[in-house]
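This report refers to the structure that appears directly beneath it.
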Amino acid sequence: MHATESLATHARVRSSDPFVVGHRGACAYRPEHTIASYELAIDMGAALIEPDIVVTSDGALVARHENELSRTTDVATRPEFADRRTTRRVGRKRRTGWFAEDFTLAELRTLRAVERHPDLRPLNTAYDGHFGVLTLEEVVEIARRRSTPQRPVRVLAELKKPSWSAERGQPMTELVAAELRRLDATAPDGPVVLQSFDTAGLRRLRADLGDDGPTMFQLVDRPGCDDHLLTNAGLRAVSTYAQGIAPSVDRILLRDADDRMTGVSDLVTRAHGAGLSVVPWTLAAENTFLPLHLRGSDDPAAPGDALGAAGLLLALGVDGIITDNPDVVVAAVAELRASPARSVAA
């Protein structure tokens, strides 16, 4: 059976109620990718928690936003790892620091998580050093432990640069496929949804895990990158291996160079026409992340009208929202349910 035919009956994440994805947990309130961040996201009402996945030197899958570790752990303060500092090209960028692929899982277990944005989120620094590095298995276990028949919790795992990892001899997609099989997490309605910017990596996983494998989202970068994926032909191509797209918010709420909102795109309608769910990233409450008219002040770290931004996205028909502030989007979904006739114009 051709992939486009089988995926027509593939279980979709889309539901009558938009869902909330806790981006790296509830990272506006706790250091990202920590057990405290994931637990808080679930407490706030997130239906999915979102770890980023990188690979260690011994093939373990761990939750870090990127393979360079110094922004989110205390590795730079550890004299025993001083000689691991190096410079290498990761994708299109040249980076200097400490890289996950140079550490075993046992070594990463000795590191402690720190706040990525201490200037923007200084309250989170109170939790620096309190939590360790988690594996994909441990994040799945959090979701399973917190799930109930009335309220299942799932994991939206983002694979970071799997093709780059494969070029370095670390076949991330094969490791992920093997881990999902071991965790009995390969069903389309199972505990794990996969996403990546890496189209080739997602296609490899679909081929490996089959049309009845996990639900997948194709991540789409900001305007100027990945534009070909969002043409009508591109969306149809995505639908042959994925069930949804996860575009940047500013692919939907359009902005100019000065961050003024200039209108809304037709992406949600066109993606739905191609049979794809739409789950934009990343809504965050601080002014610096919001369109100009939704900012509350000139202070980049102060909260703006993220509730209004979420309401705009929901009124346009998105199927879910990836957010640093799950509580805000949960409140926006509650408002939508209370006002089913709400429109963008309102």
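Each residue of the sequence shown is one higher than the one before, counting from 2 in my numbering. From the three backbone atoms N, C-alpha and C, an ideal C-beta is built for every residue, glycine too. Since the model is a prediction, treat every value here as computed from it, not as a measurement.
Give every residue of the same chain whose Cβ lies closer than 7 Å to the Cβ of residue i, excluding the five residues on either side of it in the sequence, and list them in chain order.
i, result
"Asp-75", "Leu-112, Arg-113, Val-115 and Gly-130"
"Leu-41", "Gly-26, Ala-27, Tyr-30 and Arg-31"
"Arg-343", "Residue placement at Arg-343 cannot be trusted, given a pLDDT of 49 that sits under 50; what the coordinates show is reported in the next sentence. If we look at Arg-343 and ignore the five residues flanking it on each side, its Cβ neighbours are Ala-316 and Leu-337."
"Gly-297", "Asn-288, Ala-303, Pro-304, Gly-305 and Asp-306"
"Leu-184", "Glu-138 and Val-141"
Could you spell out where the alpha helix (DSSP H) holding residue i opens and where it closes?
i, result
"Ala-37", "36-45"
"His-273", "268-274"
From residue i to residue j, what does the alpha carbon distance come to, in whole angstroms?
i, j, result
"Gly-276", "Ala-238", "11 Å"
"Pro-163", "Ala-332", "35 Å"
"Glu-180", "Ala-186", "8 Å"
"Arg-86", "Thr-97", "7 Å"
"Arg-146", "Leu-308", "29 Å"
"Thr-263", "Ala-37", "38 Å"
"Val-194", "Arg-155", "7 Å"
"Glu-168", "Ala-272", "32 Å"
"Leu-206", "Thr-35", "26 Å"
Tell me which same chain residues have a C-beta within less than 8 Å of the C-beta of residue i, skipping the five on either side of it?
i, result
"Ile-323", "Val-22, His-24, Glu-51, Leu-157, Ala-247, Val-280, Pro-281, Trp-282, Thr-283 and Leu-284"
"Leu-106", "Thr-57, Asp-59, Ala-61, Val-63 and Thr-136"
"Arg-338", "Asp-18"
"Leu-358", "Nothing about residue 358 can be read from this structure; the chain reaches only from 2 to 347."
"Leu-121", "Glu-287, Thr-289, Pro-301 and Ala-302"
On the CB-based measure, 16 or more other CB atoms within 10 Å of its CB, does residue i come out buried or exposed?
i, result
"Cys-226", "exposed"
"Gly-245", "buried"
"Ala-201", "exposed"
"Pro-32", "buried"
"Ala-127", "exposed"
"Ala-286", "buried"
"Glu-108", "buried"
"Lys-94", "exposed"
"Asn-233", "exposed"
"Arg-204", "buried"
"Pro-327", "buried"
"Thr-88", "exposed"
"Leu-70", "buried"
"Asp-267", "exposed"
Candidates the options: which alpha carbon is nearest residue i's?
i, options, result
"Gln-219", "Pro-327, Pro-192, Ser-249 and Gly-191", "Ser-249"
"Arg-223", "Ala-258, Gly-305 and His-294", "Ala-258"
"Leu-293", "Ser-71, Arg-204 and Asp-251", "Asp-251"
"Pro-150", "Pro-301, Ser-266, Ala-48 and Arg-338", "Ala-48"
"Asp-84", "Ser-166, Phe-100 and Val-91", "Phe-100"
"Asp-320", "Val-269, Asp-328 and Thr-289", "Val-269"
"Gly-274", "Gly-318, Arg-110, Arg-183 and Leu-203", "Gly-318"
"Arg-90", "Ala-188, Glu-67 and Pro-19", "Glu-67"
"Arg-79", "Pro-123, Leu-254, Arg-110 and Asp-267", "Arg-110"
"Asp-190", "Gly-214, Ser-197, Phe-198 and Pro-172", "Gly-214"
Can you give me the Cβ contacts of residue i inside the same chain, cut-off strictly under 6 Å, excluding the 5 residues immediately before and after it?
i, result
"Thr-5", "Legend: pLDDT at Thr-5 = 35, less than 50; position of this residue unreliable, no value from coordinates given."
"Ser-7", "Interpretation of Ser-7 is limited by its pLDDT of 33, a score under 50 that renders its predicted location unreliable; no figure is taken from the coordinates."
"Gly-235", "His-229"
"Arg-15", "Per-residue confidence for Arg-15 stands at a pLDDT of 41, beneath the threshold of 50, marking its modelled position as unreliable; the derived number appears in the next sentence. Excluding positions up to five away in sequence, the list reads Ser-278 and Asp-320."
Under DSSP, the beta strand (DSSP E) around residue i begins and ends at which residues?
i, result
"Asp-53", "53-56"
"Glu-159", "155-160"
"Thr-263", "262-265"
"Ser-197", "193-197"
"Thr-97", "94-98"
"Ala-243", "Here Ala-243 belongs to no beta strand (DSSP E), and DSSP marks it neither H nor E."
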